Amino acid sequence: MNEPLDENTDTANAEAQAPQTERTRPPRKLKFNLIVAGLLVLIIAVSVAAVVLFRQAETDGTVAAESGPVAEGPLKTYATGALAKLETHAAPRPIEDISFLDGEGKTVKLSDFKGRVVVLNVWATWCAPCKVEMPTLANLQKGYDPQKVLVLPLSIDKAEDKAAVEKELKLSGGLPVYMDSEIQPMSKWGIVGMPTTIILDKNGQEVARLGGEAKWDAPEVKALLDAL
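Residues in the sequence shown are numbered consecutively from 298, following the numbering used here.
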């Protein structure tokens, strides 16, 4: 018959096993480092995915614009025909002033153009719909004195792509070059897709905007601008 182990033997065995248990338990610092590393990997993965999606939008030539424009206020009657997607406001809205470069590399501000109606078109050379509508914007400008109604095509292309911007504008009818490589319109003006065109009154306030391509030399556009 086996003899039962006495209390001293149990204690000795427990003490002998204790160091082994401690050695197999991961230190707290190691656990913390593993958690931090996992979070960093997740953040990097999300960032890479965002860049890939944006570059894919560049490749496709457009970024999906916000749908469901609302026409209200005194200008809502002009949201028809070529301007069917026009979003008009119940009252003029202030727009944040930003600085950008003209064709000569000089810094100008949006507020510099107060005193005239401005058709502010945000575009890029990699945006296919932008390039399609650009000739109609050039035709629109030909019907007005730039000191009274100005078509302002603001490119968000990279600074090193200035030659491509100049070439596209020249081919489309000779509109002036304006560039904002910092892509401020997206954050400052709430633009979510291109092309987007914002109509400013003579006080430099936004009265309407249109997300997507449009035929800007259509009669209804002239009627809208003449009402301002």
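Ideal Cβ positions, reconstructed from N, Cα and C, are used throughout, including at glycine.
Computed from a predicted structure; not experimentally measured.
For TYR441, the secondary structure class from DSSP, reduced to helix, strand or coil, is coil. Here the alpha carbon of THR422 sits roughly 24 Å from the alpha carbon of PHE410. Counting C-beta pairs with one atom in each stretch, the segment 416–431 and the segment 491–511 have three or more that are closer than 8 Å, which means they touch. Boundaries of the beta strand (DSSP E) around PRO450: 446–452. The beta carbon of TRP513 lies closer than 6 Å to those of THR433, LEU434, LEU437 in the same chain, with the five residues before and after it left out. Per DSSP, PRO482 is one residue of the alpha helix (DSSP H) stretching across 481–485.
Going by beta carbons, LEU525 and ASP498 fall inside the 8 Å limit. Rounded to whole angstroms, the separation of the alpha carbons of LEU372 and ARG390 is 13 Å. Straight-line spacing of the CA atoms in LEU449 and VAL415 works out to 7 Å. Counting along the chain, LEU398 sits inside the beta strand (DSSP E) bounded by residues 396–399. Beta bridge pairing from DSSP links TYR475 with ASP399, LEU451.
Classified as buried, ILE496 has 16 or more neighbouring CB atoms from the shown chains inside 10 Å of its CB. Between the alpha carbons of GLU463 and ASP399 lies a distance of about 11 Å. Between ALA387 and GLY370, the C-beta spacing is below 8 Å. ALA461 has its alpha-carbon roughly 12 Å from the corresponding atom of MET476. Straight through space, the alpha carbons of MET431 and PRO473 are spaced by roughly 12 Å.
Spanning the alpha carbons of LEU451 and GLU510 requires a straight line of approximately 15 Å. The DSSP-derived three-state label of VAL405 is strand. Taking C-beta atoms under 8 Å as the contact rule, ALA456 and SER484 fail to qualify, at a distance of about 18 Å.
As computed with DSSP, GLY508 is found in a beta bridge with THR493. If the five residues before and after LYS406 are omitted, its C-beta is found closer than 6 Å to the C-beta atoms of ASP394, SER396, all from its own chain and listed in chain order.
For LEU417, no alpha helix (DSSP H) encloses it; the enclosing beta strand (DSSP E) starts and ends at 414–420.
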